[in-house]
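Each remark here refers to the structure printed beneath this line.
In our numbering, the protein residues as written are 24 to 140.
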């Protein structure tokens, strides 16, 4: 069994920065990709950033240039550095780790980010 736990969320003013972390615990798994999604109230969950083992990253247009995804070498920790935050970035943020044997991957429970003055 694998658990993912996000941390680092909270309230931040527009233009501010936050860094989210996602830690995997439990069974050892082969992680092929680490992703971050978010879901704003009344909206569908959306992909915002991803990184694969080779370090290649991909971002949604809405966060490109403002957010940066990274990981540790063990592929057990993922990070999302968020800067120049906007009120429309307010959402619950979820991490997702993909493995070869579980196509939908593992999900964290989500963490709230609120951007407001």
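We put the beta carbon where it would ideally sit given N, CA and C, even for glycine.
As assigned by DSSP and simplified to three states, the class of residue i
i	result
residue 67	coil
residue 40	coil
residue 30	strand
residue 22	Summary: the structure shown does not reach residue 22, with the chain confined to residues 24 through 140, and so no result is reported for it.
residue 48	strand
residue 25	strand
residue 54	coil
residue 62	strand
When the options are compared against residue i, the one with the closest alpha-carbon
i	options	result
residue 94	136, 104, 38, 66	104
residue 49	41, 36, 137, 26	26
residue 68	126, 117, 124, 82	117
residue 113	24, 61, 52	61
residue 78	125, 133, 98	98
residue 106	100, 126, 88	88
residue 96	126, 70, 52, 76	76
residue 51	65, 24, 84	24
Sub-8 Å separation of residue i and residue j beta-carbons
i	j	result
residue 74	residue 46	no
residue 121	residue 28	no
residue 41	residue 108	yes
residue 86	residue 72	yes
residue 119	residue 128	yes
residue 92	residue 59	yes
residue 110	residue 37	yes
residue 90	residue 82	yes
Secondary structure, beta strand (DSSP E): runs of 3+ residues fully inside the segment 74-126: Look at the segment 74-126 and you find these whole runs of beta strand (DSSP E), each 3 residues long or longer: 80-82, 90-94, 100-105, 114-122.
The segment 29-47 touching the segment 119-138, judged by at least three CB pairs closer than 8 Å: Flag = yes, the segment 29-47 and the segment 119-138 touch.
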